[in-house]
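Residue numbers (UniProt numbering): 1 to 198.
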């Protein structure tokens with residue numbers, strides 16, 4: 001496991017899903033392969049990675065034209081191979097970053113999309129439950145943390161919870177940045193007068 005992987009989330013429960021999926025989605029978007037593995041796409045929206053077919057010389061085609069088509073094929077094949085390698089690397093990453101029990105769910109799945117779809121069935125929280133969890137977390141953050149050492153973790157939790165609320169478009173906190181800032185400042189004022197007044 002690389003040092004980058006040590007900071008990533010191991011998928012073992014529903015509460016891990018979003019944080020676990022984020023680096024996978026980020027890697028896939030960067031490699032332009034997310035459309036090939038996105039588990040949320042319907043069957044009609046699925047995109048398949050297909051190896052480009054080698055050109056065959058046509059009867060009246062000049063050597064120059066045929067060579068041009070071969071060069072195009074060579075570039076398309078290189079792109080295909082690169083995308084295939086990225087998908088294989090993502091597959092390997094998935095298997096490193098899941099709990100052993102999750103391995104049993106996906107051992108017979110052939111494609112990365114099938115793997116992610118199966119994992120989503122078991123680990124992706126339903127939207128209503130997720131919104132409820134975000135609201136509960138938001139409410140709990142209004143309470144002062146136990147010690148001053150926990151201030152940084154508390155602030156980080158505010159930011160993460162706000163980002164999740166935005167992602168899920170939760171009324172007020174996820175859609176109104178000014179409201180969120182006021183809530184945060186009020187919590188700071190009530191907990192840390194010295195910090196608030198500076």
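Cβ atoms here follow ideal geometry from the backbone N, Cα and C, with glycine treated the same way.
What number of angstroms, rounded off, separates the C-alpha of residue 121 from the C-alpha of residue 33?
If you take the alpha carbons of residue 121 and residue 33, they lie about 21 Å apart.
What is the rounded straight-line gap between the Cα of residue 131 and the Cα of residue 137?
For residue 131 and residue 137, the distance between alpha carbons rounds to 10 Å.
What residues are listed by DSSP as bridge partners for residue 11?
Its beta-bridge partners are 98.
Is there contact between the stretch 68-80 and the stretch 93-111, where contact requires at least three CB pairs shorter than 8 Å?
These segments do not touch.
Taking the alpha-carbon positions, what's the residue 27 to residue 60 distance?
Those two C-alpha atoms are separated by around 45 Å.
Closest by CA to residue 186, which one among 92, 37 and 141?
When only C-alpha atoms are compared, the closest one is 141.
Tell me the DSSP secondary structure of residue 23 in three-state form.
Helix.
Along the chain, where does the alpha helix (DSSP H) that runs through residue 161 open and close?
Segment 151-167, the alpha helix (DSSP H) holding residue 161.
On the three-state DSSP scale, how would you describe residue 185?
Residue 185: helix per DSSP, three-state reduction.
Out of 88, 123 and 124, which has the shortest C-alpha to C-alpha gap to residue 110?
With distances taken between Cα atoms, residue 110 lies closest to 88.
Since residue 170 is in the alpha helix (DSSP H), which residue starts that stretch and which ends it?
Residue 170 -> no alpha helix (DSSP H), and no H or E assigned at all.
In whole angstroms, what separates the C-alpha of residue 105 from that of residue 123?
Whole-angstrom Cα-Cα distance: 11 Å.
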